[in-house]
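S.K.: Okay, here's the structure, questions in a sec.
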Amino acid sequence: MTARDHGVVWLASFPKSGNTWLRLLLANLLYADEQPVDINHITLPGSSPISRHAIEALTLIDTSLLTHSEVDRLRPQWTRLATADATERSYIKTHDLWRLNAAGEPILGRLTHSVAMYVVRDPRDVAVSLAHHFGCSLDKAIGYLNDGSGDAGRVPRRYAARFDSYLYSWSQHVSSWLEQRDVPVHLLRYEDLLANGPAAFAEAVAFLGLDVSAQAIERALHFAAFDQLQRQEQTHGFQEKLGRASAPFFRSGRAGAWSEVLSPEQQERIVCAHRPLMERLGYL
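All letters in the sequence shown, in the order written, are residues 998 to 1281 by the numbering used here.
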């Protein structure tokens, strides 16, 4: 099993779009033995570039004394520091919008050999999933999805050890990754993974330059199938589930369930806010 280079693979998405599923697919492809990877110990190498604790340990800087602008100015350097000594490829999850700081440098840095996989999902299904995840109303979840102020990604109390992630709206978030030219990006539709997992995942794996067999891909898909993930969560819980969530983290995984839940008015709010990109991505 080989890869083109060492470096960083950014696993990027708007929240509740399939990022955790992708991480589990990759972990089961690369590191599973005879049993599925433990959902509470996802074995992908790579530390988070938004961890205050990790950065403070590296730099001895008390980050609570810094302004948002100062944090943005320093984050590219911190990302380089956090990944400098890696001896293998790092797979790093991020919900950050791709954006530049005041110096014109990407917040996530310009790293040698870095690539990105961006997972996208129908925003109507994202809204339903967000409502369950945050234990909030559908209308509030839609507001979160449509929020273009930059405040949607502010860190909740549970994640106070992280730097703020700025999401902006669903369209702004998706477009920021697809239109940037600093990092090669592979777009992976959640719906394609559901409908034709072997082909969609094989294409993603090929983008990463991994030489694996069709059997290995099938096994990863089996180990990370939703019924397997649900069984693990029912037995052991899942550490990424919020305390206020109104449903299990691995709740359904279906595509198109929004049509059974959203009112016509709620559907229209989402479509009106995101029609051009939804049409471009095949959701309309």
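Every residue gets a Cβ at the ideal spot worked out from N, C-alpha and C, and that includes glycine.
1. If you draw a straight line from the alpha carbon of L1078 to that of L1185, how long is it in whole angstroms?
2. If you draw a straight line from the alpha carbon of H1170 to that of Y1187, how long is it in whole angstroms?
3. Mind checking R1020: buried by the 16 CB within 10 Å criterion, or exposed?
4. Going by DSSP, which residues form a beta bridge with M1275?
5. What number of angstroms, rounded off, separates the C-alpha of S1061 from the C-alpha of Y1163?
6. Check T1060 in the structure and name its three-state DSSP category.
7. With V1202 and Y1115 assumed to form a contact (beta carbons below 8 Å), what rounded beta-carbon distance in angstroms separates them?
8. Measuring CB atoms only, is the segment 1128-1138 touching the segment 1210-1230, in the sense that at least three cross pairs come out at less than 8 Å?
9. So, are the CB atoms of R1070 and A1029 less than 8 Å apart?
10. Given a threshold of 16 other Cβ atoms within 10 Å of its Cβ, counted over all protein chains shown, does N1119 qualify as buried or as exposed?
11. In three-state DSSP terms, what is H1183?
12. At what residues does the alpha helix (DSSP H) containing S1172 begin and finish?
13. So, does the segment 1120-1128 touch the segment 1253-1261, judging by three or more C-beta pairs under 8 Å?
14. Residues bridged to S1010 by DSSP?
15. At 4 residues or longer, what runs of the alpha helix (DSSP H) sit wholly inside the segment 1185-1211?
16. Measure the CB-CB distance between I1089 and W1018 and report whether it falls below 8 Å.
17. Would you say P1042 and S1111 are within 8 Å of each other, going by their C-beta atoms?
18. Please return the same chain residues whose Cβ sits closer than 6 Å to the Cβ of H1092, not counting the five positions on each side in sequence.
19. Work out the CA separation of V1209 and G1027 for me, nearest whole Å.
20. Give a yes or no on whether the C-beta atoms belonging to P1073 and I1036 are separated by under 8 Å.
21. Do V1180 and L1278 have their beta-carbon atoms positioned less than 8 Å apart in this structure?
22. So, helix, strand or coil for T1017, using DSSP?
23. Take the Cβ of A1113 as the centre, count every other Cβ of all protein chains shown within 10 Å, and call the residue buried at 16 or more, exposed below.
24. Is it right to say N1025 is buried, meaning 16 or more other beta carbons lie within 10 angstroms of its own, or is it exposed?
M.R.: Reading it off the structure:
1. Here the question's residue 1078 lines up with position 81 in the sequence shown. Here the question's residue 1185 lines up with position 188 in the sequence shown. About 29 Å.
2. Residue 1170 sits at position 173 when you count from the first residue of the sequence shown. Residue 1187 sits at position 190 when you count from the first residue of the sequence shown. Rounded to whole angstroms, H1170 to Y1187 spans 16 Å at the Cα level.
3. Residue 1020 sits at position 23 when you count from the first residue of the sequence shown. R1020 is buried by the Cβ-count criterion.
4. As a position in the sequence shown, residue 1275 is number 278, starting the count at 1. Answer is none; M1275 lacks a bridge partner.
5. Your numbering for residue 1061 matches position 64 in the sequence shown. Your numbering for residue 1163 matches position 166 in the sequence shown. Their Cα atoms are separated by approximately 18 Å.
6. Taking the sequence shown and counting its residues from 1, the one referred to as residue 1060 is at position 63. T1060: helix per DSSP, three-state reduction.
7. Position 205 of the sequence shown, counted from the first residue, corresponds to residue 1202. Position 118 of the sequence shown, counted from the first residue, corresponds to residue 1115. Not quite, the Cβ-Cβ distance comes to about 15 Å (not below 8 Å), so this is no contact.
8. no
9. Within the sequence shown, residue 1070 is the residue found at index 73, counting from 1. Within the sequence shown, residue 1029 is the residue found at index 32, counting from 1. Taking 8 Å as the Cβ cut-off, R1070 and A1029 do not qualify as a contacting pair.
10. Reading the sequence shown from its first residue, position 122 is the one you call residue 1119. Checking the displayed sequence, the identity of residue 1119 turns out to be Asp instead of Asn. By the neighbour-count rule (16 or more Cβ atoms within 10 Å), D1119 is buried.
11. The residue you call residue 1183 lines up with position 186 of the sequence shown. Strand, per DSSP.
12. Locating residue 1172 in the sequence shown gives position 175, counting from the first residue. Note, S1172: alpha helix (DSSP H), 1167-1176.
13. yes
14. As a position in the sequence shown, residue 1010 is number 13, starting the count at 1. Looking at the DSSP assignment, S1010 forms a beta bridge with V1116.
15. 1187-1192, 1194-1204
16. The sequence position of residue 1089 within the sequence shown is 92, counting from 1. The sequence position of residue 1018 within the sequence shown is 21, counting from 1. Not closer than 8 Å, so no.
17. Walking along the sequence shown from the start, residue 1042 turns up at place 45. Walking along the sequence shown from the start, residue 1111 turns up at place 114. No, Cβ-Cβ distance for P1042 and S1111 is not below 8 Å.
18. Against the sequence shown, residue 1092 aligns to sequence position 95. Result list for H1092: P1012, S1162, in chain order.
19. Locating residue 1027 in the sequence shown gives position 30, counting from the first residue. Locating residue 1209 in the sequence shown gives position 212, counting from the first residue. The question names Gly, but residue 1027 in the sequence shown is Leu. Roughly 9 Å between the two C-alpha positions.
20. Counting from one through the sequence shown, the residue named residue 1073 turns up at place 76. Counting from one through the sequence shown, the residue named residue 1036 turns up at place 39. Contact flag unset, no.
21. Working through the sequence shown from its first residue, we reach residue 1278 at position 281. Working through the sequence shown from its first residue, we reach residue 1180 at position 183. Against a cut-off of 8 Å, the Cβ pair of V1180 and L1278 comes out as no contact.
22. Your numbering for residue 1017 matches position 20 in the sequence shown. DSSP places T1017 in helix when its eight states are reduced to three.
23. Taking the sequence shown and counting its residues from 1, one reaches residue 1113 at position 116. When all chains shown are included, A1113 counts as buried.
24. Within the sequence shown, numbered from 1, the residue matching residue 1025 stands at position 28. With 16 or more Cβ atoms within 10 Å of its Cβ, N1025 is classed as buried.
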